[in-house]
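2 protein chains.
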Amino acid sequence: MTVTISSRSRFEIDYSITCRNGQSIFDYAHEICLEQTVEVPEECLTKDHFDNEIPGKIEKISQIPDSIDNYLVTISFPCDICSYSVPQFLNTIYGNISLKNNIKIISMRIPDELNSVFPGPQFGIEGLRMLLGVFRRPLTCTALKPVGLSAQELASMAAQFANGGVDIIKDDHGITNQPYAFFEERIKRVIDAVHKVNSKTGRKTLYFPMLNDEPEVLSKQISLCSEIGIKGILIAPMLVGCGTVASIRKTTDLAIMTHPSFAGTFFSSSEHGAMHGFLLGTFFRLIGADISIFPNAGGRFRFTQAECNTISDSLRKPFGNRKSSFPAPAGGMRIDRIGEMIEHYGMDAVFIIGGNLLVQGNNLTNTTGMFVETVQKKASEYQLAHAPFQNR
Amino acid sequence: MTVTISSRSRFEIDYSITCRNGQSIFDYAHEICLEQTVEVPEECLTKDHFDNEIPGKIEKISQIPDSIDNYLVTISFPCDICSYSVPQFLNTIYGNISLKNNIKIISMRIPDELNSVFPGPQFGIEGLRMLLGVFRRPLTCTALKPVGLSAQELASMAAQFANGGVDIIKDDHGITNQPYAFFEERIKRVIDAVHKVNSKTGRKTLYFPMLNDEPEVLSKQISLCSEIGIKGILIAPMLVGCGTVASIRKTTDLAIMTHPSFAGTFFSSSEHGAMHGFLLGTFFRLIGADISIFPNAGGRFRFTQAECNTISDSLRKPFGNRKSSFPAPAGGMRIDRIGEMIEHYGMDAVFIIGGNLLVQGNNLTNTTGMFVETVQKKASEYQLAHAPFQNR
Numbered sequence: 128m129t130v131t132i133s134s135r136s137r138f139e140i141d142y143s144i145t146c147r148n149g150q151s152i153f154d155y156a157h158e159i160c161l162e163q164t165v166e167v168p169e170e171c172l173t174k175d176h177f178d179n180e181i182p183g184k185i186e187k188i189s190q191i192p193d194s195i196d197n198y199l200v201t202i203s204f205p206c207d208i209c210s211y212s213v214p215q216f217l218n219t220i221y222g223n224i225s226l227k228n229n230i231k232i233i234s235m236r237i238p239d240e241l242n243s244v245f246p247g248p249q250f251g252i253e254g255l256r257m258l259l260g261v262f263r264r265p266l267t268c269t270a271l272k273p274v275g276l277s278a279q280e281l282a283s284m285a286a287q288f289a290n291g292g293v294d295i296i297k298d299d300h301g302i303t304n305q306p307y308a309f310f311e312e313r314i315k316r317v318i319d320a321v322h323k324v325n326s327k328t329g330r331k332t333l334y335f336p337m338l339n340d341e342p343e344v345l346s347k348q349i350s351l352c353s354e355i356g357i358k359g360i361l362i363a364p365m366l367v368g369c370g371t372v373a374s375i376r377k378t379t380d381l382a383i384m385t386h387p388s389f390a391g392t393f394f395s396s397s398e399h400g401a402m403h404g405f406l407l408g409t410f411f412r413l414i415g416a417d418i419s420i421f422p423n424a425g426g427r428f429r430f431t432q433a434e435c436n437t438i439s440d441s442l443r444k445p446f447g448n449r450k451s452s453f454p455a456p457a458g459g460m461r462i463d464r465i466g467e468m469i470e471h472y473g474m475d476a477v478f479i480i481g482g483n484l485l486v487q488g489n490n491l492t493n494t495t496g497m498f499v500e501t502v503q504k505k506a507s508e509y510q511l512a513h514a515p516f517q518n519r
Numbered sequence: 128m129t130v131t132i133s134s135r136s137r138f139e140i141d142y143s144i145t146c147r148n149g150q151s152i153f154d155y156a157h158e159i160c161l162e163q164t165v166e167v168p169e170e171c172l173t174k175d176h177f178d179n180e181i182p183g184k185i186e187k188i189s190q191i192p193d194s195i196d197n198y199l200v201t202i203s204f205p206c207d208i209c210s211y212s213v214p215q216f217l218n219t220i221y222g223n224i225s226l227k228n229n230i231k232i233i234s235m236r237i238p239d240e241l242n243s244v245f246p247g248p249q250f251g252i253e254g255l256r257m258l259l260g261v262f263r264r265p266l267t268c269t270a271l272k273p274v275g276l277s278a279q280e281l282a283s284m285a286a287q288f289a290n291g292g293v294d295i296i297k298d299d300h301g302i303t304n305q306p307y308a309f310f311e312e313r314i315k316r317v318i319d320a321v322h323k324v325n326s327k328t329g330r331k332t333l334y335f336p337m338l339n340d341e342p343e344v345l346s347k348q349i350s351l352c353s354e355i356g357i358k359g360i361l362i363a364p365m366l367v368g369c370g371t372v373a374s375i376r377k378t379t380d381l382a383i384m385t386h387p388s389f390a391g392t393f394f395s396s397s398e399h400g401a402m403h404g405f406l407l408g409t410f411f412r413l414i415g416a417d418i419s420i421f422p423n424a425g426g427r428f429r430f431t432q433a434e435c436n437t438i439s440d441s442l443r444k445p446f447g448n449r450k451s452s453f454p455a456p457a458g459g460m461r462i463d464r465i466g467e468m469i470e471h472y473g474m475d476a477v478f479i480i481g482g483n484l485l486v487q488g489n490n491l492t493n494t495t496g497m498f499v500e501t502v503q504k505k506a507s508e509y510q511l512a513h514a515p516f517q518n519r
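Just so you know, the sequences run in chain order A and B. In terms of the working numbering, the first sequence is residues 128 to 519. In terms of the working numbering, the second sequence is residues 128 to 519.
So, in structure tokens, the structure goes:
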């Protein structure tokens with residue numbers, strides 16, 4: 128069954144729905160259409176509601192091949208029902224039905240009318256490469272850690288990372304505004320240290336501090352970042368709200384690196400929540416992630432390589448006129464895995480190695496240098512192996 | 128195994144952990160302690176880290192009776208690691224481990240040091256009863272709906288609800304700032320309509336508009352509410368961020384009614400996420416919910432009565448010096464279920480009937496009156512049945 132999309136501007140969500148309660152898939156999909164919009168029994172609606180096409184509308188239902196009870200269902204909603212805001216978009220696509228069963232968000236398509244709501248990354252892959260002056264290899268990134276060090280200690284660590292030639296230094300996502308290293312003192316000391324090294328080496332190492340606080344403090348922190356010349360931040364959309372991240376994208380010129388902290392329950396059921404590629408890929412990119420960190424397969428977390436691939440694909444494939452974002456596989460990565468990571472993610476990725484640099488020994492400058500050199504070497508090998516035949 | 132809590136102020140989280148990957152429960156719990164704080168292998172930590180007691184600490188592990196591989200594990204964290212902010216508290220207790228397996232938050236205990244971070248409700252059950260002048264029965268609440276009506280139509284509906292004697296009129300949680308009824312026009316028209324009826328009837332019906340937007344718009348909406356005499360709001364913590372709700376609690380004198388929209392993935396696995404009573408009960412209460420809406424058993428959603436009971440218990444049982452919050456069972460409730468709902472939730476609850484009032488017929492004043500009368504009647508019967516013997 129396929130219904131033609133009406134002339135009024137609508138966006139479309141693809142859900143995977145498992146229908147196991149005796150209800151027909153059509154009835155369950157119809158229930159979702161009402162639940163996510165008018166939230167009343169159909170008998171309470173007037174002709175106006177249908178004329179104005181306010182309820183969700185089933186655009187397509189198809190059984191997933193080889194499944195018994197699993198369907199791909201496309202439902203469309205009128206653009207204006209999201210109030211042109213990110214939180215209300217989420218409310219519309221998954222608010223109440225998050226409390227139901229067996230409904231998983233797979234993908235979405237939005238018309239130009241929502242371009243200002245979802246601008247996508249400000250810098251994107253090319254923009255960040257320009258900022259750094261680094262091309263033809265994956266970017267390197269490491270983390271200031273562990274929480275508990277003083278601002279001075281973190282700044283000295285940052286200097287060593289910058290001297291080692293890393294592209295991006297981020298805070299560990301657990302370092303925010305603790306009394307061990309208050310936000311203001313920390314970011315001032317760290318950016319000073321990084322700038323000093325940059326002016327010596329001529330490189331353009333960037334520092335992305337972690338922001339995670341309540342709105343009043345957060346907005347002061349954002350202003351401070353811009354004031355002191357910080358070019359980008361690390362932030363976890365599920366902790367501060369996706370609308371907060373979208374607003375930073377729209378109102379500042381800070382690059383945004385997103386962290387998946389607190390997002391995990393969306394992936395804990397194969398039949399409910401959201402696909403990895405949707406939430407950490409498409410959605411985080413649309414709200415402004417220039418870089419999306421996710422737990423790489425074979426690290427400390429439970430994502431498979433196939434799931435990671437859906438994230439990196441969603442970040443980089445065309446989506447309207449939006450820029451592409453860097454996938455940043457992380458979470459227990461090691462220098463000895465770089466070759467394999469390049470095979471999986473290619474050149475346009477950010478490789479994050481945190482703890483493993485600390486484990487390697489005390490001379491952080493040297494171990495960082497080894498990390499950067501390994502990426503350069505493996506990238507050259509990869510390019511040679513994948514170059515057109517005549518160039519080998 | 129029980130370790131005495133150290134003298135430095137720490138908060139405690141109880142997790143239910145299912146250990147199925149061959150790891151011992153002690154090893155998995157220890158991994159969580161590091162993952163949620165220092166996020167480096169133990170060999171990278173200095174003596175200072177342990178002296179300062181920064182890593183998470185296993186306080187207690189006990190096997191859950193009659194289970195094979197399921198343990199109750201208490202882990203403590205130093206208070207200052209949460210930066211005295213709600214988003215960083217969530218980052219600490221469930222940030223990265225949300226991306227692991229089989230870890231469910233059950234309950235928590237916090238020392239006085241975190242009282243200002245988690246003040247609890249501003250009004251609470253007694254405060255809201257004082258505002259309304261309603262005692263000795265559950266409160267009644269209904270919803271302006273469906274989305275798509277004009278501000279004028281919603282205001283006329285509100286007048287009928289108020290004339291019918293309902294205590295609280297809330298927006299449907301999907302009505303935010305759509306062009307059909309923009310926020311500012313809607314809340315001005317509705318509060319005017321409600322005030323007019325109140326001045327005629329002498330009742331104190333309250334109107335709680337739904338707020339769900341990006342930070343800049345949201346903060347203007349909050350100011351507007353206070354300016355025009357609105358006493359409370361409806362908000363979904365998982366959509367705008369729990370820190371945003373906490374901040375409204377701390378910086379305004381608006382009563383807060385929380386909505387569970389977008390929270391469902393925390394409950395979709397029995398082994399991962401959070402217990403119903405923790406998130407929609409304890410946690411929403413701590414960040415300031417005077418009323419917490421949840422989908423009642425037997426409605427359109429999947430919560431069981433036992434799960435709903437954990438929510439209502441967590442909202443009302445003692446938690447430090449904090450006020451109690453109203454449980455608000457909702458989601459497809461009907462007038463004919465009021466007796467049963469009183470049996471389950473007692474007097475200190477808010478009963479929300481939305482769509483069912485619309486279904487009953489066109490005269491909303493009458494159907495609302497029937498709802499209110501039924502609650503009064505069933506409450507009297509309940510009190511009589513449960514009164515001490517000599518008073519019967």
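All residues carry an ideal CB built from backbone N, CA and C; glycine is no exception.
Under 8 Å from the C-beta of residue i: neighbouring residues of chain A
i: Arg429 (chain B); result: Leu226, Lys227, Asn228
CB contact check: residue i to chain B, cutoff 7 Å
i: Val367 (chain A); result: yes
i: Gly391 (chain A); result: yes
i: Ser133 (chain A); result: Residue placement at Ser133 (chain A) is flagged as unreliable, the pLDDT there being 48, under the threshold of 50; a coordinate-derived value is accordingly withheld.
i: Gly149 (chain A); result: no
i: Asn304 (chain A); result: yes
i: Gly370 (chain A); result: yes
i: Val422 (chain A); result: Residue 422 (chain A) is actually Pro in this sequence, not Val. For Pro422 (chain A), the answer is yes, since a Cβ of chain B falls inside 7 Å of its Cβ.
i: Gly482 (chain A); result: yes
Chain A contact residues for residue i, given Cβ-Cβ distances below 7 Å
i: Val213 (chain B); result: Glu341
i: Ile181 (chain B); result: Val274, Gly275
Where residue i meets chain B, residues with beta-carbon distance less than 9 Å
i: Gly301 (chain A); result: Gln163, Thr164, Val165, Glu166, Ile208, Gln215, Asn218, Thr219, Gly222, Asn223
i: Asn490 (chain A); result: Near Asn490 (chain A) there are no residues of chain B at all, since even the closest Cβ is about 14 Å away, more than 9 Å.
Residue i: first and last residue of the uninterrupted beta strand (DSSP E) it sits in
i: Pro246 (chain A); result: Looking at the DSSP string, Pro246 (chain A) is not in any beta strand (DSSP E), and its letter there is neither H nor E.
i: Met235 (chain B); result: 230-236
i: Met384 (chain B); result: 382-385
i: Cys268 (chain B); result: 266-271
i: Glu186 (chain B); result: 184-190
Chain A within 7 Å of residue i, Cβ atoms only
i: Ala373 (chain B); result: yes
i: Val293 (chain B); result: no
i: Leu258 (chain B); result: no
i: Val486 (chain B); result: yes
i: Cys171 (chain B); result: yes
i: Val130 (chain B); result: For Val130 (chain B), the predicted model reports a pLDDT of 35, less than 50, meaning its position is unreliable; a value from the coordinates is still stated below. So, not an interface residue.
i: His157 (chain B); result: no
i: Pro265 (chain B); result: no
i: Ser388 (chain B); result: yes
i: Pro248 (chain B); result: no
i: Arg137 (chain B); result: no
Amino acids of chain B, ordered along the chain, whose beta-carbon sits closer than 8 Å to that of residue i
i: Pro192 (chain A); result: None at all; the shortest Cβ gap to chain B is about 25 Å.
i: His176 (chain A); result: Pro273, Gly275
Contacts of residue i in chain B (Cβ-Cβ under 7 Å)
i: Ser283 (chain A); result: Here the premise fails: no neighbours, minimum Cβ distance about 14 Å.
Residue span of the alpha helix (DSSP H) that contains residue i, given as start and end
i: Leu287 (chain B); result: Per the sequence shown, residue 287 (chain B) should be read as Gln rather than Leu. Segment 278-290, the alpha helix (DSSP H) holding Gln287 (chain B).
i: Lys327 (chain A); result: 310-328
i: Ala457 (chain A); result: Per DSSP, Ala457 (chain A) belongs to no alpha helix (DSSP H); it is in the beta strand (DSSP E), 453-457.
i: Ser439 (chain B); result: 432-443
i: Tyr155 (chain B); result: 152-162
Partner residues on chain A for residue i, Cβ-Cβ distance less than 9 Å
i: Ala278 (chain B); result: Going along chain A, no residue has its Cβ under 9 Å from Ala278 (chain B), so there is no contact; the nearest lies around 14 Å.
Stretch pair the segment 301-309 of chain B + the segment 261-268 of chain B: three plus CB contacts closer than 8 Å: no
Residues of the segment 391-410 of chain B with Cβ closer than 9 Å to any Cβ of chain A, in chain order: Gly391, Thr392, Phe393, Phe394, Ser395, Ser396, Glu398, His399, Gly400, Ala401
Near-chain A residues of the segment 322-353 of chain B - C-beta to any C-beta below 7 Å: Asn339, Asp340, Glu341, Pro342, Glu343, Val344
The segment 314-326 of chain B / the segment 184-195 of chain A touching (three or more Cβ pairs under 8 Å): no
The segment 278-292 of chain B contacting the segment 246-264 of chain B, beta-carbon criterion three pairs below 8 Å: no
Given 8 Å, three or more beta-carbon pairs between the segment 172-181 of chain A and the segment 230-244 of chain A: no
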